[in-house]
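Engineer: These protein sequence lines map, in sequence, to chains A and B. Note that this note's numbering has the first sequence beginning at 148, numbered continuously upward. Note that this note's numbering has the second sequence beginning at 29, numbered continuously upward.
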Amino acid sequence: MKYIGKIPEELKYTKEHEWVKIESAHGVIGITDYAQHALTDIVFVELPQVGKKAGQFKPLCVVESVKSVSDIFAPVSGDVVEVNDNLSNNPEHVNQDPYGIGWIAKIKVFDESEVKNLMNAEEYKKYLEGLEH
Amino acid sequence: MSPNEIKNTPLVNEHIKLGASMVPFGGWNMPVQYTNVIEEHLATRNNAGIFDICHMGEFVVSGNNSEEFLQKLVTNDIGKLEIKQACYNCLCYENGTVVDDLFVYKLDNKQYFIVVNASTTEKDFNWFANHKMDNVDLMNISDNIGKIDVQGPFANDTMQKLTDFDLNEIKRFRCEKISVKDIDEQILISRTGYTGEDGFELFFSPRNSVTMWNNLLEAGKEFGIKPCGLGARDTLRIEACYSLYGHEINENLTPIEAGLGFVVKLNKDFIGKEVLQAQKNNGTGKKLVCFEMIDKSIPRENYPILVDNENVGFVSSGTFSPTFKKGLGMAYIKSDLYNVGGEISVLIRGKEYKGVIVERPFYKYKGGK
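(1) Just to make sure I have the definition right: I need the residues of chain A whose C-beta is within less than 9 Å of the C-beta of V238 of chain B. Which are they?
(2) Might you give, ordered along the chain, the residues of its own chain that have their beta carbon closer than 8 Å to the beta carbon of M29 of chain B, omitting 5 neighbours on each side?
(3) Find the nearest neighbour of D364 of chain B within the set B:S349, B:E320, B:V340, judged by alpha-carbon distance.
(4) For V213 of chain A, name the three-state secondary structure that DSSP assigns.
(5) Sort B:L98, B:G357, B:D171, B:D210 by Cα distance to Y331 of chain B and report the nearest one.
(6) What are the boundary residues of the alpha helix (DSSP H) that includes F97 of chain B?
(7) Hey, could you find the ends of the beta strand (DSSP E) S90 of chain B is sitting in?
(8) For the region 205-222 of chain A, which residues have a beta carbon sitting closer than 8 Å to at least one beta carbon of chain B?
(9) Using a 10 Å radius around the Cβ and a threshold of 16 neighbouring Cβ atoms, would you call Y246 of chain A buried or exposed?
(10) Output the distance between the C-alpha atoms of T179 of chain A and E338 of chain B, rounded to the nearest integer angstrom.
(11) Near N123 of chain B, which residues of its chain fall below 6 Å by C-beta distance, leaving aside the five closest residues on each side in sequence?
(12) Taking only beta carbons into account, state which residues of the region 338-357 of chain B come closer than 8 Å to chain A, listed in chain order.
(13) Going along chain B in order, which residues have a C-beta closer than 9 Å to the C-beta of F191 of chain A?
(14) Rounded to the nearest angstrom, what separates V343 of chain B and K394 of chain B at their Cα positions?
(15) Helix, strand or coil, according to DSSP, for E204 of chain B in the structure here?
(16) In the DSSP assignment, what residue or residues form a beta bridge with E193 of chain A?
(17) Measure from the C-beta of E279 of chain A to each C-beta in chain B and report whether the shortest distance is under 9 Å.
(18) Along the region 49-75 of chain B, where does the CB come closer than 9 Å to a CB of chain A? Name the residues.
(19) Report yes or no: is there a C-beta of chain A within less than 9 Å of the C-beta of G259 of chain B?
(20) Counting C-beta neighbours from all protein chains within 10 Å, is the total for P59 of chain B 16 or more, i.e. buried, or is it exposed?
(21) List the whole-angstrom C-beta distance separating I284 of chain B from L101 of chain B, where the pair is believed to meet the contact cut-off of C-beta under 8 Å.
(22) So D188 of chain A contacts chain B; which residues on that side make the cut at Cβ distance below 7 Å?
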């Protein structure tokens with residue numbers, strides 16, 4: 148009965164359940180459907196500051212549910228150029244639409260070759276299926 | 029119980045069927061949530077919630093000296109209890125710090141029923157046994173008791189569907205033995221709880237746990253009842269400012285520091301009285317306060333409290349409040365800073381977030397018969 152959730156084809160994924168969509172040297176990032184479901188009621192997103200330097204797989208920001216505090220790791224390295232300020236007042240958007248209005252930040256990517264360290268949709272699905280519930 | 033053994037309650041299969049996330053808690057495999065904490069919390073505030081509390085410990089103290097024995101151990105004045113009445117207590121060491129907090133029910137003139145925390149059951153029973161007097165019988169009946177709490181504005185209506193006994197006759201902090209649908213014994217029911225709502229705690233044989241649980245869910249369906257996990261139990265009790273052992277009280281903290289002076293009665297002798305009397309008279313260095321966040325943020329246990337850049341205390345319990353939709357909690361701070369309306373800061377991941385000291389409790393009990 149494990150929840151796998153939606154895994155859009157066009158995104159790349161980390162083992163920590165973040166996604167990134169790379170377009171013209173910028174990456175929009177968020178957490179996956181599986182992650183939002185596991186966290187359940189997200190009530191606070193501590194957004195990164197614009198200008199922050201993100202390192203691939205390094206903590207970027209924090210999301211909190213009623214009972215948990217979780218680091219969000221950057222899928223790729225780069226400068227944070229934009230954050231989803233709407234999440235300050237509507238953290239539940241991450242639950243409602245993790246790949247859409249629940250996006251977290253936009254990063255100017257330093258090195259697009261880092262993408263090879265990420266999973267594609269099919270690999271991420273297999274990865275989730277192999278995880279302990 | 030061996031230290032590493034994780035116990036299941038008789039309701040474990042019901043939790044799994046309901047899709048609960050299970051976590052270890054005090055040596056028990058317990059449901060932390062079924063759907064999500066906020067939904068379960070609000071169901072209890074607005075409708076009704078049921079909680080598997082089979083993990084908690086129960087003792088029976090009986091015999092001619094049972095009252096004298098309990099008076100010596102616990103902080104509240106159980107001599108004032110009428111038959112079928114219950115009261116909240118701390119159990120203290122000589123130095124006034126807390127062995128555990130517990131409920132004492134007077135079942136009869138020479139028989140008391142004690143409800144203790146799950147993780148401290150063994151420690152408490154040893155403490156009782158080590159102080160036992162003549163003509164006192166002690167029994168740890170934890171393995172023979174199943175317990176479910178039904179709480180919320182529709183707890184009474186839900187429970188009333190399962191019994192012919194007029195539940196309005198059971199006032200707050202009173203208990204009865206009543207017959208209940210499909211249960212082959214009389215159960216003990218008390219109008220008590222740990223949520224800040226009206227409701228009941230039910231005690232019965234473990235073999236009846238599953239029937240009791242499912243009958244409550246069925247009876248409460250029309251009122252919007254939900255099964256609630258330990259997550260909601262914690263957020264509910266934080267809003268009501270009820271202490272949780274290991275957080276607001278423990279072996280290093282006293283009931284006076286924790287703001288529980290109202291259950292410390294100095295008109296009698298008990299273990300720890302000397303220290304607690306001095307603290308009542310002279311005050312304490314630190315004090316438990318309620319605070320809520322002004323800056324958007326969620327305080328968590330052990331986060332430091334700052335005033336004017338000075339570390340003046342720590343959070344004992346904190347959460348996002350599903351009722352008030354903001355971060356709030358309880359904290360120990362230097363007593364001279366206690367001042368309702370006073371600003372404090374909570375240090376969260378290296379950053380200061382503003383909060384304010386408020387009146388206790390956040391959520392006032394308004395149910396009640």
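All C-beta atoms, glycine included, are put in the ideal place defined by N, C-alpha and C.
Structural biologist: In terms of the structure at hand:
(1) To locate residue 238 of chain B, count along the second sequence from 1; it is residue 210. Residues of chain A passing the Cβ test: none, with the nearest at roughly 21 Å.
(2) Here residue 29 of chain B corresponds to residue number 1 of the second sequence, with the count starting at 1. Low per-residue confidence applies at M29 of chain B: pLDDT is 46, beneath 50, and the placement is therefore not dependable enough to give any value.
(3) Locating residue 364 of chain B in the second sequence gives position 336, where the first residue counts as 1. Residue B:V340 is the option with its Cα nearest to D364 of chain B.
(4) On the first sequence, position 66 is the one that residue 213 of chain A refers to. It is coil, neither helix nor strand.
(5) Start at 1 with the first residue of the second sequence, and residue 331 of chain B comes out as number 303. Here the closest residue by C-alpha is B:G357.
(6) Start at 1 with the first residue of the second sequence, and residue 97 of chain B comes out as number 69. Where F97 of chain B is concerned, the enclosing alpha helix (DSSP H) stretches over 94-101.
(7) Taking the second sequence and counting its residues from 1, one reaches residue 90 of chain B at position 62. Here the beta strand (DSSP E) through S90 of chain B covers 85-90.
(8) V209, E211, S212, V213, K214, V216
(9) Translated into the one-based positions of the first sequence, residue 246 of chain A becomes position 99. Under this definition Y246 of chain A is a buried residue.
(10) Taking the first sequence and counting its residues from 1, one reaches residue 179 of chain A at position 32. Taking the second sequence and counting its residues from 1, one reaches residue 338 of chain B at position 310. When rounded, the distance between both Cα atoms is 40 Å.
(11) Here residue 123 of chain B corresponds to residue number 95 of the second sequence, with the count starting at 1. Close CB contacts of N123 of chain B within its chain, under the 6 Å cut and outside five residues either way in sequence, are with V303 (chain order).
(12) Cβ contacts with chain A: T347, F348, P350, G355.
(13) Within the first sequence, the letter at position 44 stands for residue 191 of chain A. Simply K324, S325, I326, F348, G355.
(14) Along the second sequence, one-based indexing puts residue 343 of chain B at 315. Along the second sequence, one-based indexing puts residue 394 of chain B at 366. Straight-line Cα distance between these residues: approximately 27 Å.
(15) Position 176 of the second sequence, counted from the first residue, corresponds to residue 204 of chain B. Here E204 of chain B sits in strand by DSSP.
(16) Looking up residue 193 of chain A in the first sequence gives position 46. According to DSSP, E193 of chain A bridges with A:V209.
(17) Stepping through the first sequence from its first residue, residue 279 of chain A is reached at position 132. No, E279 of chain A lies away from the interface with chain B (no Cβ there is under 9 Å from its Cβ).
(18) Taking 9 Å as the Cβ-Cβ cut-off against chain A, the residues of the region 49-75 of chain B that qualify are S49, V60, Q61, T63, N64, V65, I66, E67, H69.
(19) The residue you call residue 259 of chain B lines up with position 231 of the second sequence. Chain A, which has a Cβ nearer than 9 Å to the Cβ of G259 of chain B, makes this yes.
(20) Taking the second sequence and counting its residues from 1, the one referred to as residue 59 of chain B is at position 31. Burial call: buried.
(21) The residue labelled residue 284 of chain B in the question sits at position 256 within the second sequence. The residue labelled residue 101 of chain B in the question sits at position 73 within the second sequence. I284 of chain B to L101 of chain B, Cβ: 18 Å. No contact.
(22) Start at 1 with the first residue of the first sequence, and residue 188 of chain A comes out as number 41. Here the neighbours are N64, V65, I66.
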